[in-house]
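Here is the structure we will look at.
In this note's numbering, the protein residues as written are 4 to 209.
If you want it as structure tokens, here you go:
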């Protein structure tokens with residue numbers, strides 16, 4: 004089982020003064036183009052890259068390394084695709100096993116009742132789009148057929164990749180989460196490792 008309360012807080016980050024300079028064009032997508040990021044602004048290891056598989060994993064497995072801000076997708080051919088991620092603040096992070104129960108492109112965002120109680124000016128819902136906190140894609144984590152309210156999703160705050168800023172979910176560049184979305188299949192196992200920051204543990208039975 005898992006304590007869900009710590010995942011139900013919306014958290015945003017003040018953009019840097021040079022936020023506009025993070026964007027260098029767009030990637031065609033429907034119904035919105037995905038803003039393309041100047042990857043030179045990211046630490047080298049946070050830029051998407053195909054690497055030799057760091058460990059032996061079945062095909063269609065995701066391993067999230069919270070400590071080092073990496074997500075690895077294993078296609079089953081001896082390689083892994085490494086992505087940079089943003090992770091939960093101390094007290095708003097988790098560890099354990101789950102699976103991808105659902106995928107959504109440009110998902111709508113619906114704050115929970117707890118979020119709206121904490122931040123009364125939040126909208127009841129936000130249509131998917133460039134301003135949505137979930138970004139261009141979302142992968143919904145399930146255990147035993149139940150949505151556990153954790154997501155791997157895009158972000159409209161690319162400067163937070165590599166940082167410990169979110170409210171528990173794993174955030175990726177929109178172009179990276181779109182790439183992962185196209186690779187990963189429903190039912191994929193997700194292993195999240197977190198030796199420093201976890202406040203919640205998912206049962207290992209998934």
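Glycine included, every Cβ here is placed at the ideal spot set by N, Cα and C.
Values in this document were obtained by computation on a predicted structure and should not be read as measured data.
Measuring only the C-alpha atoms, how far is residue 19 from residue 168?
For the purposes of this step, residue 19 is taken as residue 16 along the chain shown, with counting starting at 1. For the purposes of this step, residue 168 is taken as residue 165 along the chain shown, with counting starting at 1. Near 14 Å, if we compare the C-alpha coordinates of residue 168 and residue 19.
Does DSSP put residue 43 in a helix, a strand or coil?
On the chain shown, position 40 is the one that residue 43 refers to. Helix at residue 43.
How is the alpha helix (DSSP H) around residue 182 delimited, first residue to last?
Taking the first residue of the chain shown as 1, we reach residue 182 at position 179. Residues 177 to 186.
Among the candidates 83, 124, 114 and 111, whose CA atom is the shortest distance from the CA of residue 187?
Walking along the chain shown from the start, residue 187 turns up at place 184. Among 83, 124, 114 and 111, the Cα nearest to that of residue 187 is on 83.
So what's residue 161 in DSSP terms, helix, strand or just coil?
Along the chain shown, one-based indexing puts residue 161 at 158. Correct three-state label for residue 161: helix.
With H, G and I counted as helix, E and B as strand and the rest as coil, what does DSSP make of residue 109?
On the chain shown, position 106 is the one that residue 109 refers to. DSSP places residue 109 in coil when its eight states are reduced to three.
Where residue 23 falls: helix, strand or coil (DSSP)
Your numbering for residue 23 matches position 20 in the chain shown. The answer is helix: DSSP assigns residue 23 an H, G or I state.
Looking at the unbroken beta strand (DSSP E) that takes in residue 115, where does it start and where does it end?
Position 112 of the chain shown, counting from 1, holds the residue named residue 115. Here residue 115 belongs to no beta strand (DSSP E), and DSSP marks it neither H nor E.
Start-to-end residues for the beta strand (DSSP E) that takes in residue 55
Mapped onto the chain shown, residue 55 falls at position 52. From DSSP, the beta strand (DSSP E) with residue 55 extends over 52 to 55.
State yes or no: is the C-beta of residue 46 within less than 7 Å of the C-beta of residue 25?
Here residue 46 corresponds to residue number 43 of the chain shown, with the count starting at 1. Here residue 25 corresponds to residue number 22 of the chain shown, with the count starting at 1. No, they are not a contact pair.
In angstroms, rounded to a whole number, what distance separates the CA positions of residue 179 and residue 124?
Here residue 179 refers to the residue found at position 176 of the chain shown. Here residue 124 refers to the residue found at position 121 of the chain shown. Approximately 30 Å between the Cα atoms of the pair.
Can you look up residue 48 in the DSSP assignment and give me helix, strand or coil?
Start at 1 with the first residue of the chain shown, and residue 48 comes out as number 45. Reduced to three states, the DSSP call for residue 48 is helix.
Rounded separation between residue 147 and residue 105 - CA only:
Position 144 of the chain shown holds residue 147. Position 102 of the chain shown holds residue 105. Going from the Cα of residue 147 to the Cα of residue 105 covers about 13 Å.
Can you find at least 3 beta carbon pairs, one from the region 138 to 146 and one from the region 99 to 117, that sit closer than 8 Å?
yes
Between residue 150 and residue 158, what straight-line distance do the alpha-carbon atoms span, to the nearest angstrom?
The residue given as residue 150 occupies position 147 in the chain shown. The residue given as residue 158 occupies position 155 in the chain shown. Taking the straight line joining both Cα atoms gives about 20 Å.
Where does residue 155 land, buried or exposed, given buried means 16+ other C-beta within 10 angstroms?
Within the chain shown, numbered from 1, the residue matching residue 155 stands at position 152. With 16 or more other Cβ atoms within 10 Å, it is buried.
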